[in-house]
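*Asks:* For reference, the structure I am asking about is given below.
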Amino acid sequence: SATAQVVHSAGRRFIVSPVPEARLKEQ
Amino acid sequence: AEDTGVRVELNEEDDGKKSSIALKLWVEDPKKLKGKYKDTGAIEFTFDLVNEIPEVVAQEMVESGFFLDCDVKIVGKSIRDRVALIKWRRERTVSPGN
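Sequences listed follow chains E and A, in order. Residue numbering for the first sequence follows my numbering, beginning at 38 and increasing consecutively. Residue numbering for the second sequence follows my numbering, beginning at 291 and increasing consecutively.
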């Protein structure tokens, strides 16, 4: 899986995941 | 809302009750950012609609290395716009008589 977790020092959890292709703005 | 180049969407169905809600943020148009953007993908996080401030979360994203400090305002505004929309929708869907 391409997901990754980043936990900020304040305790917030950020999860990085692929951008859904259908939601990408058309170039 | 203004097109900031940063998209923020709900990452779960809003039941209209929970104060903490899952959001997903990603960059649609890197040219609208001031700093050089490293394409990391979408960032999923939870946001407390009652107790949290969008700009503080944006600052945490900067400190976590997702964005440069010069873009903290644009990221904060993007989150703020989405949060305002969620709150507005909730107000409209409050059942009559409550």
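For every residue, glycine included, the Cβ atom is placed at its ideal position computed from N, Cα and C. Keep in mind it's a predicted model, so treat the numbers as computed, not measured.
#1: What's the C-alpha gap between A348(A) and K377(A)?
#2: Just how far apart, CA to CA, sit I311(A) and C360(A)?
#3: Counting along the chain, where does the alpha helix (DSSP H) carrying G56(E) start and finish?
#4: Enumerate, from N- to C-terminal direction, the unbroken alpha helix (DSSP H) stretches of 4 or more residues contained entirely within the region 297 to 353 of chain A.
#5: Any beta-carbon of chain E closer than 8 Å to the one on A348(A)?
#6: Which of the residues in the region 315 to 342 of chain A, read from start to end, lie with their CB under 8 Å from any CB of chain E?
#7: Have a look at V362(A) and E345(A) and give me their C-alpha separation to the nearest angstrom.
#8: Taking buried to mean at least 16 other C-beta atoms within 10 Å of its own C-beta, is E350(A) buried or exposed?
#9: Strictly under 8 Å for the Cβ-Cβ distance: is E345(A) near chain E by that measure?
#10: From the DSSP output, which residues share a beta bridge with V373(A)?
#11: Relative to the C-alpha of V384(A), which candidate in G306(A), T330(A), G355(A) has its C-alpha closest?
*Replies:* Reading off the structure:
#1: Walking along the second sequence from the start, residue 348(A) turns up at place 58. Walking along the second sequence from the start, residue 377(A) turns up at place 87. Looking at the two C-alpha atoms, the distance is approximately 19 Å.
#2: Here residue 311(A) is taken as the residue at index 21 of the second sequence, counted from 1. Here residue 360(A) is taken as the residue at index 70 of the second sequence, counted from 1. Each residue's alpha carbon lies about 27 Å from the other.
#3: As a first step, residue 56(E) is located in the first sequence; it is residue number 19 there, counting from the start. Per the sequence shown, residue 56(E) should be read as Val rather than Gly. First-last for V56(E): undefined, no H or E at that position.
#4: 344 to 353
#5: Residue mapping note: residue 348(A) aligns to position 58 of the second sequence, counting from 1. The beta carbon of A348(A) does not come within 8 Å of any beta carbon belonging to chain E, so the residue lies off that interface.
#6: Residues of the region 315 to 342 of chain A whose Cβ lies closer than 8 Å to any Cβ of chain E, in chain order: W316, E318, D319, T330, G331, A332, I333, E334, F335, T336.
#7: Numbered from its first residue, the second sequence carries residue 362(A) at position 72. Numbered from its first residue, the second sequence carries residue 345(A) at position 55. Answer to the nearest angstrom: the Cα atoms are 7 Å apart.
#8: For this step, residue 350(A) is matched to residue 60 along the second sequence. With 16 or more other Cβ atoms within 10 Å, it is buried.
#9: Position 55 of the second sequence, counting from 1, holds the residue named residue 345(A). No, because no Cβ of chain E sits closer than 8 Å to the Cβ of E345(A).
#10: As a first step, residue 373(A) is located in the second sequence; it is residue number 83 there, counting from the start. BP columns for V373(A) are empty, so no partner.
#11: What you label residue 384(A) is simply residue 94 of the second sequence in a count that begins at 1. Of the listed residues, the one whose Cα sits closest to V384(A) is G306(A).
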